[in-house]
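Some notes on the structure that comes next.
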Amino acid sequence: MHSSFTRLQNVFGFFTTVAFVLGAFIAATDLGAPRTPSGIIKTDNVQVVKGRPHYYSSKKEEYAIIRFSLEADLSSLFTWNTKQLFVYVTADWTGPDNANNSAVIWDSIITNPSADHLQNLGPVAMKKLKRSAEGKSIAPERGLLKLKNQKPKYQITHPSGKIAETPDVTLRLHYNVQPWVGLLTWNMDKPFGVWKAMSGGVSDYFTLPALKTKDSKAKDAKEKAGAKSKTKSKKP
């Protein structure tokens, strides 16, 4: 004769087994949903300045500010099991010691419409989020991104404190799918079943410019003033 505690333990064990099997089945359904992410990214403006990149920086150092444009279609990553999508852009380059360097310059979280309530947003911000889904940076499909001359969220620095004139830098688009049930998945270099690798999503190589000095800044100011005077003289 089993005690009440033993019966309760058996029921709980059976419940957890059923929940685990059901969760595994739900997670496996993602493998049958095609993923065809694509993106086009390019630089708009690149600057290298010297100063304190963060308010908590203890010393001045060189840091890069990269503005970029991005058009991406990540709508295929949203399925009924997608909770939210973490999208980020990195600047990648190889150092003189053949070390691979990667720095995040921008990121964003795109939630599934059913997960909007989980964001720590006030009513005003929530209204803005819903408006943004009607056409601009976040389309109703919650995966179409269109950014022009986007200002980076983070500046690029280096432990050496010097980053000017770094060659062969590229911008790369990344994503991380966070499901309701299952494992986190990142963008892949090779296709896996119906999951395709990112099409595009990498910019052309570019070189970070030299650090601007006082002389170069004065020269740029003179050139801008001269260009303005020429346009004024051409007017009737």
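Going letter by letter, the sequence shown gives residues 1 to 236 in full-length UniProt numbering. Every residue, glycine too, gets a C-beta built ideally from N, C-alpha and C. All of these numbers come straight from a predicted model, not from anything done at the bench.
Practice task
Please report how far the alpha carbon of Leu211 lies from the alpha carbon of Thr157, in whole angstroms.
Solution key: 13 Å
Practice task
Can you give me the start and stop residues for the alpha helix (DSSP H) that Thr17 sits inside?
Solution key: Ser4 to Ala28
Exercise for the section: Classify Gln84 as buried or exposed, calling it buried when 16 or more other Cβ atoms lie within 10 Å of its own Cβ. Expected result: buried
Practice task
For Ser203, I'd like the list of residues in its chain whose CB is within less than 7 Å of its CB, leaving aside the five on either flank, ordered along the chain.
Solution key: Cβ within range, chain order: Ile41, Lys42, Thr43, Thr170 and Leu171.
Handout entry: Candidates Met198, Thr90, Gly32 and Asp168: closest to Pro209 by CA position
Key = Asp168
Practice task
Give the DSSP-derived three-state secondary structure of Leu70 in the structure shown.
Solution key: strand
Problem - 9 Å Cβ cutoff met for Ser69 and Gln155 - result: no
Handout entry: Those residues which DSSP pairs with His174 across a bridge
Key = Tyr88
Exercise for the section: Kindly confirm or deny that the stretch 60-68 and the stretch 5-14 touch, where touching means at least three C-beta pairs closer than 8 Å. Expected result: In short, these stretches do not touch, since the Cβ pair count stays below three.
Practice task
Put Val104 into one of helix, strand or coil per three-state DSSP.
Solution key: DSSP places Val104 in strand when its eight states are reduced to three.
Problem - For Leu144, three-class secondary structure by DSSP - result: strand
Handout entry: Classification of Leu74 by the beta-carbon crowding that lies within 10 angstroms, buried from 16 upward
Key = buried
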